[in-house]
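Visitor: Oh and the sequence shown: position 135 is 134 in numbering that gives the first Met the number 0, straight run, nothing missing.
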Amino acid sequence: MNNQPDTQTAEANSLELKLKGFKVYEVDLPVSKIHPYTRRDFYKIVLSTGHLVIHYADRSIEMEGTSLFFANPHVPYSVERLTDVQKGISCVFSEEFLKPNDRSESLLQSPLFRIGGTPVFLLNDAQKETITPIFQKMLAEQDTDYAFKGELIRTYINLIIHETLKLQPSEGFVKPQNAASRIATLFLELLERQFPIESPNKPLTLRTAQDYALRLSVHVNHLNRAVKEVTGRPTTAHIAERVISEAKALLQHTDWSISEIAYGLGYDYPTYFNNFFKKMTGTSPKTFRV
């Protein structure tokens, strides 16, 4: 819930987080404009006190008091702060960090993190008194030399998830007036996030407007209308343009075979890729490479 892009980037890419798989830190931020949608590479749980609006997919929710927010790396979000200062504690962790627990996969698929789920919970005084000490213990524990610190932090995260699953999620989500702009922004961010393709063994998974609509938890017709309204171009045009841009880069800057490039871009058969490339560029991949 940081409103400074450089700090957010440092949080997601810090060497410490990559090595340990988790990071816990205090939030004490002055009010600012809306933090724009940015890429997050890790799961995040935030215990926050203040007045804010969380924009999540095509929904927004206004929270005043102490709340819990669960973010997953697959759905961009933004936070608008309405008070002078926001205070709290954030815990950021990777999926790999939580996976040593055999049950962690089901927890990450819970309504707290699941795309289309409800990620925001407003806490009453009793709930705040139950959950706040868990965050405080994580914050203190991460600086110790305890040999099993990671396992203990993992236990605290699971405890927070279980305690939250017993709560009633907030029901104040509304469709904001600028929902079309927000959906279009989410789509374009998610589209860009799919690239670059780093290996033909990890092919592009989101290829159609329907794929993106499912990931963003909106109906495909709703997505198409929003993207066309805001950008003036169809969703499919954006997807095709970005795929062809990546195809050109792979043809020019890698030694992958055309079959490998085709597969990396989600085409099971090179012929389909060749036809697509020629339709978009007027030339074949082989000729373009030469």
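Idealized CB from N, CA, C, for every residue including glycine.
1) CB-CB under 6 Å to Lys19, same chain, minus the five flanking residues each way: which ones, in chain order?
2) Rounded to whole angstroms, how far is the Cβ of Leu205 from the Cβ of Leu215, which I believe are closer than 8 Å?
3) Over what stretch of residues does the alpha helix (DSSP H) that includes Ile257 continue unbroken?
4) What residue range does the alpha helix (DSSP H) around Gln251 cover?
5) Under a three-way DSSP split, which group does Gln85 fall into?
6) Please confirm if the stretch 119-128 is in contact with the stretch 50-68, defined as three or more CB-CB distances below 8 Å between the two stretches.
7) State the Cα-Cα distance for the pair Thr154 and Arg288, rounded to the nearest angstrom.
8) Assuming Phe120 and Cys90 make a contact with CB atoms under 8 Å, what is their CB distance in whole Å?
9) Buried or exposed: Lys43, going by 16 or more other Cβ atoms within 10 Å of its Cβ?
10) Specify the secondary structure class of Lys148 as computed by DSSP and reduced to three states.
11) Would you mind working out which of Leu151, Pro199, Leu203, Ser198 sits nearest Leu189, comparing C-alpha positions?
12) Buried or exposed: which applies to Gln85, given that a residue is buried once 16 or more other Cβ atoms fall within 10 Å of its Cβ?
Guide: Working from what's here:
1) Locating residue 19 in the sequence shown gives position 20, where the first residue counts as 1. Within the same chain, Lys19 has no close Cβ partners at all.
2) Within the sequence shown, the letter at position 206 stands for residue 205. Within the sequence shown, the letter at position 216 stands for residue 215. Here Leu205 is actually not in contact with Leu215; their C-beta atoms are around 10 Å apart, not less than 8 Å.
3) Here residue 257 refers to the residue found at position 258 when the sequence shown is read from its first residue. 257-263 is the span of the alpha helix (DSSP H), which, as asked, contains Ile257.
4) As a position in the sequence shown, residue 251 is number 252, starting the count at 1. Taken as a continuous stretch (DSSP letters only), the alpha helix (DSSP H) holding Gln251 covers 234-252.
5) Residue mapping note: residue 85 aligns to position 86 of the sequence shown, counting from 1. When secondary structure is reduced to three states using DSSP, Gln85 falls in the strand class.
6) A contact between stretches requires three or more CB pairs, one per stretch, nearer than 8 Å, and the stretch 119-128 meets this requirement with the stretch 50-68.
7) The sequence position of residue 154 within the sequence shown is 155, counting from 1. The sequence position of residue 288 within the sequence shown is 289, counting from 1. Whole-angstrom Cα-Cα distance: 52 Å.
8) The residue given as residue 120 occupies position 121 in the sequence shown. The residue given as residue 90 occupies position 91 in the sequence shown. Actually they are not in contact, since the Cβ atoms of Phe120 and Cys90 sit about 15 Å apart, beyond 8 Å.
9) Counted from its first residue, the sequence shown places residue 43 at position 44. Burial call: buried.
10) Counting from 1 along the sequence shown, the entry for residue 148 is found at position 149. Here Lys148 sits in helix by DSSP.
11) Taking the sequence shown and counting its residues from 1, one reaches residue 189 at position 190. Ranked by Cα distance from Leu189, the first of Leu151, Pro199, Leu203, Ser198 is Leu203.
12) Within the sequence shown, residue 85 is the residue found at index 86, counting from 1. Classification of Gln85: buried, given that the 10 Å Cβ count is 16 or more.
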